[in-house]
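Some notes on the structure that comes next.
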Amino acid sequence: VVIVHAGGAQEASPNTNLIWSHRWAVIDGDQSVPGDQRLVADGVQIYGYVMISEDSPFGVLAHEFGHDLGLPDLYDTDGSTLGVGVWDVMGSGSWNGNPRGTSPSEFSAWSKMKLGWVTPIEVTAPLLSQQIRQVENNSVVYRLTVKDASSRSEYFLVENREQAGFDAALPGSGILVWHIDDSVQNNDNEAHRLVDLVEADEAAGDSPNDAGDPWASNALGFGPDSNPNSNGYGNIRTGWKVRNISPAGASMTADLSRDVDDDLAIVRINHPIAVAVTSTVNVSVTVRNQGARMQSVVNVTLRVYLDSFTPAAEVNITNSRQSWPTMITGEFRNFTWSFPATSAGRYILDARVDLRLDEILENNERLAHVTARTLYLQNDVESGIGAWTTPGQAGNDVFRWEIVRDGDANGKSHSPISAWRFGYFTTLIPNLFPPTYHYLQSPSVNVPAGPLFLAYYQVYDLYHTAENSTASVTDNATVEVSVNGGPWQRVVQFQGRDLAWRGISLDLSSFVSAASTVQVRFNATSAVMHPAGGWWLDDIMLTSTALGRGVAVLPIVADRSVEPGAEAVFTFKVANVGDVDDIFRFAAALPSGWTAVLVANSTSVLAVDRTLVPLAPDAETTLQLRAQSPAGVLRGTVERITLTVISTNDANQRADFLATARISDPLGLGGIQKYIVWIVVLGIALVVIVILVDHAKSRKFRGHIR
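Here it is, written out as structure tokens:
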């Protein structure tokens, strides 16, 4: 109920006889009757109400309605400080605007979180150059939890507030950093508030009502060494940093990260793309100490699985677990293994480094894969030109085929460091009559009857300019095949631009009807190509099987305990263990009454069935599954949630993330409350039976004792 009374209000007048606008409740509707009497009108109880004056601006109503929604005052009720100031309508932001109160501020990130209007994104790994959109029309807030706090009650919230909408009357714009301690009841203690604005200009005094409060255009930003700093209450060093903050705007960027004491990470897994069946697979795993503390007895384990990331598919390898005595901060260390590829198939490599108190669990484990296959031809380009030729190419052709390495001008490889490139190369005396077509040609290879595939990885930029161009202004990149010395036949042609390494799998079976001698060549033109463009090729194979797809899931946090009606947050990684780029979708099997969303790349909050994640081969991404329990779920309940990850290109390629949600049961009832009615009924029945039996006994023995 909102009551608007005549006249002015005391909060805007020196007249103490006026009513102060407020939100309260009718505890006793009739004080003439003993006890608390409900106030009822038309059969409806009137309990909570808001009272304002006819002169009260909209900001007063917004503030009091905030109380009706369950929010506390965020100004300092003892009047010694300003509390949160003008940055929340539950503070003095209710009076923003001219005339005063006509443009009240929005609720702060904390208030919106408490109302369930925004779910802060937990920062668990560095977010560099992170886009932070204005919160006035984007429900995006970041949470930086203080790890050393006795509970999760202390944290920072980061939001982008701009002078737009109801926030138009704010004194400034930029990133607001809020210091929260939910264990505190109010904002009366300026040394330890429930909700405190970390003002960018706080060194000049605690005054949360001016344009210098937001953070903007600040490379140093907020961190352990700034003023104010990111220490927690009790001067606990949290290590949190909000750095490289862009100018204020509807979309800002900043680095959100934390100093870490204990963190060992699997940086990369080096391995061949493919090997011949029965050959040896050599694997190198690079580990880095990314924390501030030296680590002792570093244990690294490599486990190998054939075709399926399941325990039954594990392949035993020698010396699976290796150790190193110490690793100092920033140190890299390589661990190596070798194992035989005794069978054809996909060998999934699972590298893990163990650290009991590791603060960033997401980087402790990484997946990769190598395929063992029948190979008739393999060129990883690392050993030089070999038996490959470039017919018709002169050494002074300005556009020509050459081997390039990572670090060269226009050099890039798929693996490990070398690749073929057709493109422009500086030449002292250029050939004035270069060929129209430029060939990179394989040696002749004998292949049996049966399936035959050309598999390789490529990048190409065939446009006339480095900027976007039209498809009509492009060179051509053609793949051709010759069988038994016959004419060259086109297999596929590429035009335009694709700047990411892509796995290409071309079926040559229709060109080869029996055991044959086969050659392949890559044919490029250079009529319009710009000097930095080209065609890059790597890891070229003639093989009996096509490039394939695969997906695997690594659980990080798969077991949570939550209160009834609360949200359980699970963390997991999805890895593309296929040979080609893929896009993955998701499906969840939820208990009755539960709902769920996925947080991808720490920014996008989407319905499970609307989430799509693209991944290159051996790439991975970390996701959060946020499962909302129903308010009425019984304590002691244990629910299982299955989230299935599925390739959008091959539905047979799927993997499951299994999560367990335990509903908090502090009294150890184990769900017994669902039987409470029957227990009460049974108890009453037993009492009645006892009374009846006792009554019967008393009647039976009633009389005189002689």
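Just so we're aligned: the sequence shown equals residues 3 to 708 in the working numbering.
C-beta: ideal position from N, C-alpha, C; glycine also.
Just so you know, these numbers come straight off a predicted model, no measurement behind them.
Spatial neighbours of residue i in its chain, beta-carbon cut-off 6 Å, leaving aside the 5 residues before and after
i, result
"Ser484", "Trp490, Gln521"
"Lys575", "Leu556, Glu622, Thr624"
"Ser730", "With the chain represented from 3 up to 708, any question about residue 730 goes unanswered, as that position is not in the structure."
"Pro436", "Asp399"
"Thr547", "Arg375"
"Arg295", "Asp263, Asp264"
"Gln630", "Glu569, Thr597"
"Arg407", "Gly413, Ile419, Ser420"
"Glu565", "Ser666"
Nearest neighbour of residue i, chosen from the options [CA to CA]
i, options, result
"Tyr157", "Glu164, Glu124, Asp410, Asn139", "Glu124"
"Ser23", "Gln47, Leu63, Gly45", "Leu63"
"Gly236", "Ile5, Ala170, Gly176, Arg195", "Arg195"
"Thr646", "Gln630, Val610, Ala663, Ser444", "Val610"
"Pro128", "Val91, Ile648, Glu361", "Glu361"
"Glu192", "Gly87, Ser175, Val640", "Gly87"
"Asp227", "Met543, Asp261, Val197, Ser15", "Asp261"
"Ser446", "Pro619, Trp503, Asn486, Thr328", "Asn486"
"Arg656", "Gly167, Ile648, Thr662", "Ile648"
"Ile268", "Val317, Ser248, Gly332", "Gly332"
"Tyr378", "Thr545, Arg323, Ile686, Ser155", "Thr545"
"Tyr49", "Gly567, Pro36, Val28, Pro59", "Val28"
"Leu363", "Gln47, Asp540, Gly293, Asn272", "Gly293"
"Trp242", "Pro632, Asp208, Val179, Pro249", "Val179"
"Gly167", "Thr255, Gly634, Val137", "Val137"
"Val559", "His532, Leu549, Thr573", "Thr573"
"Ser82", "Asp208, Val197, Val493", "Asp208"
"Pro342", "Gly388, Gly409, Ser131, Pro274", "Pro274"
Neighbourhood of residue i by C-beta, 8 Å cutoff - its chain only, sequence neighbours within 5 removed
i, result
"Pro432", "Asn398, Asp399, Val400"
"Gly347", "Leu308, Asp309, Thr373, Ala374"
"Asn100", "Ala171"
"Val690", "none"
"Ile5", "Tyr51, Val52, Met53, Ile54"
"Thr392", "Arg402, Trp403, His440, Tyr441, Leu442, Gln443"
"Met115", "Thr121, Pro122, Val143, Leu159"
"Val42", "Gly31, Ile48"
"Leu71", "Leu117"
Residue i: first and last residue of the uninterrupted beta strand (DSSP E) it sits in
i, result
"Met254", "253 to 260"
"Trp390", "Counting along the chain, Trp390 falls outside any beta strand (DSSP E), and DSSP gives it neither H nor E."
"Ala721", "Since the first and last residues shown for the chain are 3 and 708, residue 721 lies out of range."
"Asn220", "That residue, Asn220, is in no beta strand (DSSP E); it is neither H nor E in DSSP."
"Gln380", "377 to 381"
"Leu434", "Where Leu434 is concerned, there is no enclosing beta strand (DSSP E), given that its DSSP letter is neither H nor E."
"Glu204", "Careful: Glu204 lies outside any beta strand (DSSP E) and carries neither H nor E."
"Asn272", "266 to 272"
"Val400", "No beta strand (DSSP E) holds Val400; DSSP gives it neither H nor E."
"Met92", "Unbroken run through Met92: none, as it is neither H nor E."
"Leu2", "No answer is possible for residue 2: the residues shown for the chain start at 3 and end at 708."
"Glu641", "640 to 649"
"Ser417", "It is not in any beta strand (DSSP E) - Ser417 carries neither H nor E in the DSSP assignment."
"Ile134", "129 to 135"
"Leu196", "Here Leu196 belongs to no beta strand (DSSP E), and DSSP marks it neither H nor E."
"Asp352", "347 to 356"
"Gly103", "Element bounds for Gly103: n/a, residue is neither H nor E."
"Ser606", "606 to 609"
"Gln165", "Neither: Gln165 is in no beta strand (DSSP E) and is coded neither H nor E."
"Gly176", "176 to 183"
"Gln443", "439 to 443"
"His7", "4 to 7"
Anticipated Cβ contact below 8 Å, residue i with residue j, distance rounded
i, j, result
"Ala353", "Arg368", "5 Å"
"Pro216", "Gly251", "Actually they are not in contact, since the Cβ atoms of Pro216 and Gly251 sit about 12 Å apart, beyond 8 Å."
"Ile330", "Tyr458", "Not really, about 41 Å apart at Cβ, beyond 8 Å."
"Phe455", "His440", "Contact flag wrong, Cβ pair sits at about 24 Å."
"His65", "Ser96", "4 Å"
"Trp538", "Val461", "4 Å"
Start and end residues, alpha helix (DSSP H) containing residue i
i, result
"Leu63", "60 to 71"
"Lys116", "111 to 117"
Spatial neighbours of residue i in its chain, beta-carbon cut-off 7 Å, leaving aside the 5 residues before and after
i, result
"Arg551", "Gly580, Val582, Asp584, Ser649, Asn651, Asp652, Gln655"
"Ser107", "Val88, Trp89, Asp90, Val91, Gly95, Asn98, Phe168, Asp169, Leu172"
"Ala213", "Pro173, Gly174"
Residue-level contact to chain B via CB, residue i, 9 Å cutoff
i, result
"Ala602", "The structure shown contains no chain B; it is built from a single protein chain."
- [ ] Ignoring anything shorter than 4 residues or poking outside the region 547 to 571, list the alpha helix (DSSP H) runs there in chain order.
- [x] none
TODO: Enumerate, from N- to C-terminal direction, the unbroken beta strand (DSSP E) stretches of 3 or more residues contained entirely within the region 290 to 345.
DONE: 297 to 308, 323 to 329, 334 to 342
TODO: Let me know the beta strand (DSSP E) ranges lying completely inside the region 459 to 521, each 3 residues or longer, listed in chain order.
DONE: 478 to 485, 491 to 497, 499 to 509
TODO: With a floor of 4 residues, list each alpha helix (DSSP H) that falls wholly inside the region 10 to 53, ordered by position along the chain.
DONE: none
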